[in-house]
Amino acid sequence: MLKEYDFSAAKKNPYASQLKKQITIRLDEESISYFKRISEQVGIPYQSLINLYLRDCAANSRKLDLKWE
Numbered sequence: 001m002l003k004e005y006d007f008s009a010a011k012k013n014p015y016a017s018q019l020k021k022q023i024t025i026r027l028d029e030e031s032i033s034y035f036k037r038i039s040e041q042v043g044i045p046y047q048s049l050i051n052l053y054l055r056d057c058a059a060n061s062r063k064l065d066l067k068w069e
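Here our numbering is used: the first residue of the sequence shown is 1, the next is one more, and so on.
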């Protein structure tokens with residue numbers, strides 16, 4: 001390995017805007033525990049598992065059927 005590298009000709013990653021974005025979201029303890037249990041079974045970090053679930057819902061245009069009583 002070199003002691004120093006020259007990044008003067010480096011280009012910005014064109015896909016950087018498509019990467020994940022950090023946000024703050026409030027979830028109840030039951031939901032977090034559920035995804036943590038599943039993540040241990042499948043070997044995927046729970047935050048990635050939540051992201052995969054939400055992405056699947058968005059890709060399949062799933063809508064929540066709520067009935068307030």
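No residue lacks a Cβ here, since even glycine has one placed at the ideal position from N, Cα and C.
Just so we're clear, the structure is a prediction, and the values are computed from it rather than from any experiment.
- Exclusion of the five residues before and after ILE50 leaves PHE35 as the residues of its chain whose Cβ lies within less than 6 Å of its Cβ.
- Taken in chain order, the complete alpha helix (DSSP H) segments of 4 or more residues contained in the region 6-55 are 29-42.
- Across the set PHE7, LYS3, GLN47 and ASP6, the C-alpha of GLN47 shows the shortest separation from the C-alpha of ILE23.
- Rounded to the nearest whole angstrom, the C-alpha separation of SER31 and SER61 is 21 Å.
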